Each structure stands twice: as structure tokens, then as C-alpha cells.
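Take 48 as the starting number for the sequence shown in the working numbering and just add one per residue. Have a look at the structure below before the remarks.
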Amino acid sequence: PAKYFDTKTTEPISFFLSGLEELLAWQPNSNDEFNVSAVPLARRQPPLHSRRPRTLVCHDMRGGYLEDRFIQGSATRNPYVFYHWCYIDIFVYFSHHTVTIPPVVWTNAAHRNGVPVLGTFITEWTDGEKLCEAFLASGEEAYGAVAEQLARIAQHFRFDGWLVNIENTLSAAAVGNLPLFLRDLTARVHSAVPGGLVIWYDSVLKDGALRWQNELNDENRIFFDACDGLFTNYNWKEEQLERTQRLAGPRQDDVYVGVDVFARGDVIGGGFDTGKSLRLIRQYGLSAAIFAPGWVYEHLGKENFLQNENRFWGSLAEYLPTHSICTLPLTTSFSLGMGTSTFLDGKDEESGPWYDLSAQDIQPLYAELQGRLSTSCYLQDAWCGGSSLQLRGTIPPGEERVAVRLFSLQMPAPPKLFLTLLYKLEGPQPDDFTVALEVTTWGSGTCLEGNLTSLPEPNGRHHPRFLPVPPPGLAKLLAACHRGSHGWTSRCYELELQDCSLRDLSVIVSRQQPSLEETSFTCLLGEVRVLDTASVAASPPQVHGVMASQLWWQ
Numbered sequence: 048p049a050k051y052f053d054t055k056t057t058e059p060i061s062f063f064l065s066g067l068e069e070l071l072a073w074q075p076n077s078n079d080e081f082n083v084s085a086v087p088l089a090r091r092q093p094p095l096h097s098r099r100p101r102t103l104v105c106h107d108m109r110g111g112y113l114e115d116r117f118i119q120g121s122a123t124r125n126p127y128v129f130y131h132w133c134y135i136d137i138f139v140y141f142s143h144h145t146v147t148i149p150p151v152v153w154t155n156a157a158h159r160n161g162v163p164v165l166g167t168f169i170t171e172w173t174d175g176e177k178l179c180e181a182f183l184a185s186g187e188e189a190y191g192a193v194a195e196q197l198a199r200i201a202q203h204f205r206f207d208g209w210l211v212n213i214e215n216t217l218s219a220a221a222v223g224n225l226p227l228f229l230r231d232l233t234a235r236v237h238s239a240v241p242g243g244l245v246i247w248y249d250s251v252l253k254d255g256a257l258r259w260q261n262e263l264n265d266e267n268r269i270f271f272d273a274c275d276g277l278f279t280n281y282n283w284k285e286e287q288l289e290r291t292q293r294l295a296g297p298r299q300d301d302v303y304v305g306v307d308v309f310a311r312g313d314v315i316g317g318g319f320d321t322g323k324s325l326r327l328i329r330q331y332g333l334s335a336a337i338f339a340p341g342w343v344y345e346h347l348g349k350e351n352f353l354q355n356e357n358r359f360w361g362s363l364a365e366y367l368p369t370h371s372i373c374t375l376p377l378t379t380s381f382s383l384g385m386g387t388s389t390f391l392d393g394k395d396e397e398s399g400p401w402y403d404l405s406a407q408d409i410q411p412l413y414a415e416l417q418g419r420l421s422t423s424c425y426l427q428d429a430w431c432g433g434s435s436l437q438l439r440g441t442i443p444p445g446e447e448r449v450a451v452r453l454f455s456l457q458m459p460a461p462p463k464l465f466l467t468l469l470y471k472l473e474g475p476q477p478d479d480f481t482v483a484l485e486v487t488t489w490g491s492g493t494c495l496e497g498n499l500t501s502l503p504e505p506n507g508r509h510h511p512r513f514l515p516v517p518p519p520g521l522a523k524l525l526a527a528c529h530r531g532s533h534g535w536t537s538r539c540y541e542l543e544l545q546d547c548s549l550r551d552l553s554v555i556v557s558r559q560q561p562s563l564e565e566t567s568f569t570c571l572l573g574e575v576r577v578l579d580t581a582s583v584a585a586s587p588p589q590v591h592g593v594m595a596s597q598l599w600w601q
């Protein structure tokens, strides 16, 4: 069926639902199984419901379901990717179809990086009025059926909830039932999807009129009270933030103030001035909803996209609290889920563009130090996948090393860790430098749960012990210790810790000889792994009862 498979290639594709009939008729079937997310939502710190301002990204690009609809990837040159996951709390996939089911490649990439994904339920124009009249004005049975189907869809495809956007006027009967529908939907999503969310978009008012308020007020509060949050429209002024903060009270983190990166209408700042809007939002302790950050790709063009993307998110970094990884193993080859070639063990196995966000790895912090250090994706060479992480910087005169923070960690340290690193030094004198890993920790007295806004400074710096030979029993898994090839150097380490918590994982680039000159370096990171020895030594669970179906030999 063309809904589930591309007519030209027969490849499975992601899809949406149009209209009320199609929503109510939806049942899981064997054709839609490719669309079920295969990656559970990774845990991270602080958890979503901590009391601190959050950041939501709403992805809206040319109607949606572009090359990202190809579940098994496509040969797309210069595709759009998002990879600054450590800065954001929620990802919404938006389109103007009635029921936007997020393409599964986005859910997989977001979940791997600990970010929940919401689909969109939207009604608009006169068709929207009719649709709302049909399911809202008719009473509890009708709106309950819609709520039930939306909760089932999120549960079946394994995404995390809904943005609800009613952009049309409503009759008195319909608007009277709207808060009840929202409460019902929210309760059903919470029960069907662990950590599920329903967020309301600032549109229709309690009297049924369609007037965007750009704030939380008495006209729309009834909808905010019925669900997990409000996403405001974009044309707000500072006094509206003040009123919103006052009215939201203890729920100020649940108000996501809209920022349109395209800066349409009368807004404070968009584009590379988006930080002006975020600064004000954070002054009032509110959450932010960044709408259409694909501006970087659509407006500035595909050619320098990765460079411009790092510049855009770097300009917002001071207003975006980061998140920490809180489970092991941590293993990444830094792949973006795209490339101009496919690499395996440092070798270019297949030249040609590819795009598959399901293949995106856990993404690092992309540290920047003005003029001294830049971290970026490098497509021309990789250990595995499509890209490596390029560190470029200078070691100032008289200093011996520079530390590049890769990951923020937050978990009790196991007694013993194994770490592996694959890197390649570039430039005229690669032998002038050494590269190693550093782990920082803090004492066990530090409480990990709760409302962390800033973490205390680490009280321990550890340089894991270099292992020339992997320990017996782990030789197979840690083959990386021997297998540097195609110019890549491989290192294996162990680290024993007691009564402390992991804080940061950094890579240290040092000079071999002290110097009074400034020295520049370029280092590619191909793979980093942090493994808890105890779980590595345990044998993996055996797989039983494998079934293969729908085979088609060609």
C-alpha cells in the first residue's frame, strides 16, 4: 500500500493520518511495524520533571515527511540533521496533517539521546471547525474515542505524546467539552506511555474565539490547567512574560514561550538574534519553545549547514541548561546519521551520500572556546559511520595541554571502568602531541536527585591507566586496543574508583615538549567507550525464537 511503502522503490516510509474518519478507523497492522521506534527513551539527568526551565524544539520544515520519511535511509546529499540534543528537553515534529505521527527515524535519534518526541494533533480553517464539531460537540463518547485513539497511536509507535493545536473557532458546545477532552487525553497518554506528555498550543480561547494571546491568561488558562503545558504564540512582549510568570505560579516551567526562528510578525529576535528572546524568557524563569530552527538550513542554505548550525546553537548555549548521561555503557562514534561516505574500522567502504537518522550516535557537547577551540562534525574521515568529531585548537604559550569536555555525566561510579579511545592527529607535526582521556568525579556525599540547577565543582581528576593489552576475557570486545588502522590510533584504559560519582568525560591534548610558542592542533575522534567492567564481563542474554516474515527475494 502506498501509504506505507514508497511507490517508486517499495521502501517502507513514515506516514500521517488525515481527518477524523482515518483517525478513528486506525488499527495497528503488519504494514506499519517499520514505523515502531526501536530505541527506548534513554534516562538522563536532570529528569524532565525537575523544576528548572526547559527547552522544546518544534521542527516544522516545508510540510514535513521529506527525506526523513524513508525509514531505512536514503541517498540524500546535504540533508537536514539535528544533533544538539544535550540542550533540549522535548522534540515536537510538526506538520499541517490532522495527525502527525513523528517519522520513526526522529524518534530513534531523539530517544538515543534522552529526548522525548511528540506528534501533533491539529485542526484548522473551516474543515477544522467541522472536525471539532463532530468530535467535541457530540459529548463524552465522541471525544473519548479520539483521546483513546491518540493515546493508542503514541503507545503503538513508541513516541511520547502530543502537541494539540486547535486553530479554528469553536461552537459553545465544542469549547465546553474541550477542557474535558484535554484532561481525558492527558490521563490516557500518561497511563499508556511512561513519561508521556500533552502540550496545548495558545490558539482558541475559553469562549471559542480564535485569538492568539502570546501569554498565559484567564482566557486560555482553563486549557493549561487540563494538560502538561502551554506553548505560547510568538508575538509576545516583556510585560506578557511578567504576567505569565505571575499566573503560572509553581507551574512556570510548564509554560513554553514560543520563539519563531524565522522571526515572522512582531517578535523580539529570531535568526542569529534568537538569543535576545531567550534571554528575556529565562529572566522570568519560563521554559522556551524554539519553533523552526531549520531556518539555519532553509534560509542560509545546505552548503555550510553544519558550520552555521554550530554557530546558531553556540549563540544560545548560555540560555540552554545542558543534560547529563546517567547510564553506562556509553559508546559513540559521533555519527550524525548522514555522510558523504560510509566508514568501517577507519576504511571508506562505500562512497556516496547517505541519510538515516536512526543511525545517529549519542552526541557530545560540542565545546567551544572563543578563538582557542572549536568542536565540529567532520565528514571526510571517520572510524565508523559517516563522521568523526574534529577538535581544532591552540595550546597557549607556556601551557602544556588543553582539555575538551565531551560529555557531562551524572551517576555513581562503578568500582572499575574500562575506557577506549580511537583518534587521529592531523597537521604538519602530529608526533608533537599526545591524546588521552580524563574523568572527573565528585565525592559520594553529593546528592544526585532533586532540583539541580548548577553542579558543584568536581573534586577529583583521574587519568585512567593505559592498558597496552586488554585484560583476558575482554580481548574480543576491546579489540580496539590493537586495531588502530588507516592512520587511527587506538588506546585502552582502566580506572578504579571508590565512593564517588562520575562528573565529566574529557579528552586532553598535550604537547610532548614544553614550549613558549602557541601551538595549533587538529585531532579527530573516531570512537569513545566507557564501560562498567562488571556488566562487560557478564555474558549477554541469548536471543530465542527469531521470526522472519514478508521476505521478498529479488
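The C-beta atom is built at its ideal place from N, Cα and C for all residues, glycine as well. The model shown is predicted, which means the values in this text are computed figures rather than measured ones.
- Query: How do the stretch 396-413 and the stretch 471-482 stand: do at least 3 beta-carbon pairs fall below 8 Å, yes or no?
  - Reply: no
- Query: Looking only at C-alpha atoms, which of Val236, Ser334, Tyr413 sits nearest to Ser362?
  - Reply: Tyr413
- With which residues is Asn212 paired in a DSSP beta bridge? Ile169
- For Val139, which residues of its own chain have a beta-carbon under 6 Å away from its beta-carbon, when the five flanking residues on both sides are left out? Cys105, Leu165, Leu210
- Item | Own chain residues within Cβ distance below 6 Å of Ala49, not counting five before or after | none
- Task: Report the option in Leu232, Ser405, Ala256 whose CA atom is closest to the CA atom of Gly433.
- Result: Ser405
- Message: Does Pro163 pass the burial test, meaning 16 or more other C-beta atoms within 10 Å, or should it be called exposed?
- Response: buried
- Using 10 angstroms around the beta-carbon of Asn82, count the other beta-carbons present and answer buried if the total reaches 16, otherwise exposed. buried
- Message: Could you tell me the alpha carbon to alpha carbon distance between Gln330 and Leu294, rounded to whole angstroms?
- Response: 16 Å
- Item | C-alpha gap between Asp307 and Gln407, whole angstroms | 26 Å
- Query: Of the choices Glu195, Arg101, His143, Val556, whose alpha-carbon is the least far from that of Thr233?
  - Reply: Glu195
- Message: Here's the rule I'm using: 16 or more other beta-carbon atoms within 10 Å means buried, otherwise exposed. How should Glu496 be labelled?
- Response: Any reading at Glu496 must be qualified, since the residue scores a pLDDT of 39, below 50, and its modelled position is unreliable; no value is offered.
- Query: Are there 16 or more other CB atoms within 10 angstroms of the CB of Met594, so buried, or fewer, so exposed?
  - Reply: exposed
- Message: Please report the distance separating the alpha-carbon of Arg159 from that of Ser382.
- Response: 12 Å
- With 16 other CB atoms within 10 Å as the buried threshold, where does Arg109 fall? exposed
- Item | Residue nearest to Ile409 in terms of C-alpha spacing, selected from Ser596, Gly161, Gly296, Gly322 | Gly161
- Between the Cα of Arg439 and the Cα atoms of Val245, Leu598, Val554, which residue gives the shortest distance? Val554
- Message: By the DSSP assignment, the alpha helix (DSSP H) with Asp300 in it spans what residues?
- Response: First-last for Asp300: undefined, no H or E at that position.
- Which value, in whole angstroms, describes the spacing of the CA atoms of Leu375 and Thr387? 30 Å
- Item | Between the CA atoms of Trp599 and Thr54 - distance to the nearest angstrom | 16 Å
- Query: Do you know offhand how far Pro241's Cα is from Val151's?
  - Reply: 18 Å
- Proximity winner among Ser238, Gly296, Gly305, relative to Trp247 (alpha-carbon distances): Gly305
- Query: Ordered along the chain, which non-local residues of its own chain (more than five positions away) have a Cβ less than 6 Å from that of Gln559?
  - Reply: Asp479
- Query: Can the beta-carbon of Glu541 be found less than 8 Å from the beta-carbon of Leu484?
  - Reply: no
- When we look at the beta-carbon of Pro149 and count the other beta-carbons within 10 Å, is it buried (16 or more) or exposed? buried
- Task: With a cut-off of 8 Å on the beta carbons, I'd call Ala460 and Thr488 a contact; round off their distance for me.
- Result: 6 Å
- Using the beta-carbon count (16 or more within 10 Å), is Trp172 buried or exposed? exposed
- Query: Taking the alpha carbon of Gln476 as the point to measure from, which residue in Thr566, Val451, Phe182 has its own alpha carbon closest?
  - Reply: Thr566
- Message: Do Val245 and Asp275 count as a contact pair if the criterion is CB distance below 8 Å?
- Response: yes
- Query: By Cβ distance, which residues of its chain are closer than 8 Å to Cys494, with the 5 residues on each side in sequence left out?
  - Reply: Because Cys494 sits at a pLDDT of 39, beneath the cut-off of 50, its placement in the model cannot be relied upon, and the following sentence gives the value as read from the coordinates. Closer than 8 Å at Cβ, skipping near neighbours: no residue.
- Message: Taking the straight line between their C-alpha atoms, what separation do you get for Glu447 and Arg538?
- Response: 21 Å
- Query: Per DSSP, Met385 is paired with what?
  - Reply: Tyr402
- Apart from the five residues just before and just after Arg116, which ones in its own chain have a Cβ nearer than 6 Å to its Cβ? Ile60, Ser61, Pro150
- Of the residues Arg550, Trp132, Gly318, His509, which one's Cα is nearest the Cα of Cys373? Arg550
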